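Asker: Below you will find the structure I want to go over with you.
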Amino acid sequence: MSLILFLLLFFFHSHSLPVCRNSCANIEIDYPFGIDDGCGAPLFRNMLNCSTTFTPLTTPTTTTTTNTTAPVLTPTFASPTISSPTTTVTTPSATALFFQTPSGSYKVESIDYASKTITIYDPSMSTCTILQPHHDFLLSDLQSALIPPSPDTVFALVNCSIDSPVLNHYKSLCFNFSSDHSCDDLYNSCTSFKIFNVSRMLSNDTPPACCFTSYATLKFMSMNILDCTHYTSFYDVDKLKDEKPLDWSYGMKLSYSLPDTGCDRCRRSGGTCGFDVETEGMLCICSPTLNSTRQCGND
Numbered sequence: 255m256s257l258i259l260f261l262l263l264f265f266f267h268s269h270s271l272p273v274c275r276n277s278c279a280n281i282e283i284d285y286p287f288g289i290d291d292g293c294g295a296p297l298f299r300n301m302l303n304c305s306t307t308f309t310p311l312t313t314p315t316t317t318t319t320t321n322t323t324a325p326v327l328t329p330t331f332a333s334p335t336i337s338s339p340t341t342t343v344t345t346p347s348a349t350a351l352f353f354q355t356p357s358g359s360y361k362v363e364s365i366d367y368a369s370k371t372i373t374i375y376d377p378s379m380s381t382c383t384i385l386q387p388h389h390d391f392l393l394s395d396l397q398s399a400l401i402p403p404s405p406d407t408v409f410a411l412v413n414c415s416i417d418s419p420v421l422n423h424y425k426s427l428c429f430n431f432s433s434d435h436s437c438d439d440l441y442n443s444c445t446s447f448k449i450f451n452v453s454r455m456l457s458n459d460t461p462p463a464c465c466f467t468s469y470a471t472l473k474f475m476s477m478n479i480l481d482c483t484h485y486t487s488f489y490d491v492d493k494l495k496d497e498k499p500l501d502w503s504y505g506m507k508l509s510y511s512l513p514d515t516g517c518d519r520c521r522r523s524g525g526t527c528g529f530d531v532e533t534e535g536m537l538c539i540c541s542p543t544l545n546s547t548r549q550c551g552n553d
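In my numbering, the protein residues as written are 255 to 553.
Written out as structure tokens, the structure reads:
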């Protein structure tokens, strides 16, 4: 009898269910998302990552040498200056929530479960106040279908060449998101983009072209194909009618759909919605060692 009890305890211990954390960096983590494998909905698996960033600190290393021999009187000469060796130490900086895509990790600013939106920010992206080397933003095919940028998120392609596809054969992909805003707003109001306008003015050339477009354009054409040197993105464009570019909300708002897997029934019974990491079948996690297929208690 004791052997059977031992085997049962060993089985439950070695097959313990995930403990689903419900927050990261003061951001609530709820279904369909999860930051621990086996939590949330399997379609959103590995999309969010809660991690701690590390800041390198370089400090001088002090070495003390003790002379144990008797002093010897010798002539004194000028010694060359030798810099002290340094040691690089990494220290925890902050914990943050990141959204993972094929093109990189993007910091999550907020998740609104009522409107089913998640706001992310790319620290490497150019904005009205900072100019950075361009790079592509790309979602996976699953992410493009399940959690694409919301309709009120606009991408601005900046400093495009006259040969850019969006200015020629695909110019229909460009649009004006407001009658009050144009490319001139970016070039005249933004410190970071003024350099493009000034350089063209000095060469007596026409102002550089730009293009306001949706994510669908970036999905099918890379920045090199688009032939634009930089891009920026902003959201809540319906609220930007009287706002200058400096006050725009830079970043991206993603709009997700919620799969109907019976999670509400599980939560009402006191469980946490998750899934089997091998089969990705739904689980209602009732405790670290107990689960159900639908709800806790009577299944």
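Just so you know, even glycine gets a beta-carbon here, dropped at the ideal spot from N, CA and C. Source: prediction; values computed, not measured.
#1: From F488 to L512, what distance separates their C-alpha atoms?
#2: Helix, strand or coil: how does DSSP classify L480 here?
#3: To the nearest angstrom, how far is the alpha carbon of C540 from that of G551?
#4: Tell me whether A399 counts as near the ligand ATP, meaning its Cβ is closer than 7 Å to at least one heavy atom of that ligand.
#5: Excluding five sequence neighbours on each side, which residues of the same chain lie with their C-beta closer than 6 Å to the C-beta of T349?
#6: Note down the Cα distance separating T355 from Y367, rounded to an integer number of angstroms.
#7: Taking the DSSP output, what are the residues bridged to L393?
#8: Which same chain residues end up closer than 8 Å to C482 when comparing Cβ atoms and leaving out the 5 residues on each side of it in sequence?
#9: Kindly indicate which residue of E282, V452 and N300 has the alpha-carbon position closest to the one of F529.
#10: Keeping to the same chain, check which residues put their C-beta closer than 8 Å to that of D439; ignore five residues upstream and five downstream.
#11: Under the rule that 16 or more other beta-carbon atoms within 10 Å means buried, what is K507, buried or exposed?
#12: Would you grab the beta carbon distance between C382 and S446 for me? Rounded to a whole angstrom, and I think it's under 8 Å.
#13: Could you have a look at T445 and say whether DSSP puts it in helix, strand or coil?
#14: Suppose contacts are defined by Cβ-Cβ distances below 8 Å. Is Y485 in contact with M477 by that definition?
#15: My guess is that I374 and G505 are in contact by the Cβ rule of under 8 Å, so how many angstroms apart are they, rounded?
#16: Measuring alpha carbon to alpha carbon, tell me which residue in L393, S432 and K425 is nearest D406.
#17: Note down the Cα distance separating C527 from H435, rounded to an integer number of angstroms.
#18: Give me the DSSP bridge partner(s) of Y360.
#19: Give me the DSSP bridge partner(s) of P403.
#20: When the Cα atoms are used, what is the spatial distance from F409 to G288?
#21: Contact check, I384 vs Y510 under 8 Å by CB: the rounded distance?
#22: Do Y285 and G292 have their CB atoms nearer than 8 Å?
Answerer: Let me lay it out:
#1: What you label residue 488 is simply residue 234 of the sequence shown in a count that begins at 1. What you label residue 512 is simply residue 258 of the sequence shown in a count that begins at 1. For F488 and L512, the distance between alpha carbons rounds to 24 Å.
#2: Stepping through the sequence shown from its first residue, residue 480 is reached at position 226. Residue state for L480 is assigned as helix, using DSSP reduced to three classes.
#3: Start at 1 with the first residue of the sequence shown, and residue 540 comes out as number 286. Start at 1 with the first residue of the sequence shown, and residue 551 comes out as number 297. Rounded to whole angstroms, C540 and G551 show a C-alpha spacing of 9 Å.
#4: Looking at this structure, you won't find the ligand ATP or any other ligand, since it has none at all.
#5: In the sequence shown, residue 349 corresponds to position 95, counting from 1. Contacts found: A279 and T306.
#6: Reading the sequence shown from its first residue, position 101 is the one you call residue 355. Reading the sequence shown from its first residue, position 113 is the one you call residue 367. Between the alpha carbons of T355 and Y367 lies a gap of roughly 21 Å.
#7: In the sequence shown, the residue the question calls residue 393 occupies position 139. Per DSSP, none; premise fails for L393.
#8: Locating residue 482 in the sequence shown gives position 228, counting from the first residue. Same-chain partners within the cutoff: H388, L411, V412, N413, C414, S415, S418, V420, C464 and C465.
#9: Locating residue 529 in the sequence shown gives position 275, counting from the first residue. Among E282, V452 and N300, the Cα nearest to that of F529 belongs to N300.
#10: Translated into positions along the sequence shown, residue 439 becomes position 185. Answer for D439: K498 and P499, listed in chain order.
#11: Indexing the sequence shown from 1 puts residue 507 at position 253. Under this definition K507 is a buried residue.
#12: The residue labelled residue 382 in the question sits at position 128 within the sequence shown. The residue labelled residue 446 in the question sits at position 192 within the sequence shown. So it is a contact: roughly 6 Å between Cβ atoms.
#13: Start at 1 with the first residue of the sequence shown, and residue 445 comes out as number 191. When DSSP states are grouped into helix, strand and coil, T445 belongs to the coil group.
#14: Position 231 of the sequence shown, counted from the start, is the residue given in the question as residue 485. Position 223 of the sequence shown, counted from the start, is the residue given in the question as residue 477. In terms of Cβ geometry, Y485 and M477 form a close pair [threshold 8 Å].
#15: By one-based count along the sequence shown, residue 374 stands at place 120. By one-based count along the sequence shown, residue 505 stands at place 251. Sure, about 6 Å apart at Cβ, within 8 Å.
#16: Here the question's residue 406 lines up with position 152 in the sequence shown. Of L393, S432 and K425, the residue nearest in Cα terms is S432.
#17: On the sequence shown, residue 527 is found 273 positions in, with the first residue counted as 1. On the sequence shown, residue 435 is found 181 positions in, with the first residue counted as 1. Approximately 45 Å, taken between the alpha carbons.
#18: As a first step, residue 360 is located in the sequence shown; it is residue number 106 there, counting from the start. DSSP output for Y360 lists F353 as bridge partner(s).
#19: Counting from one through the sequence shown, the residue named residue 403 turns up at place 149. Partner(s): L508.
#20: In the sequence shown, counting from the first residue as 1, residue 409 sits at position 155. In the sequence shown, counting from the first residue as 1, residue 288 sits at position 34. Distance between the alpha carbons of F409 and G288: 28 Å.
#21: Residue 384 sits at position 130 when you count from the first residue of the sequence shown. Residue 510 sits at position 256 when you count from the first residue of the sequence shown. So it is not a contact: roughly 29 Å between Cβ atoms.
#22: Here residue 285 corresponds to residue number 31 of the sequence shown, with the count starting at 1. Here residue 292 corresponds to residue number 38 of the sequence shown, with the count starting at 1. Against a cut-off of 8 Å, the Cβ pair of G292 and Y285 comes out as no contact.
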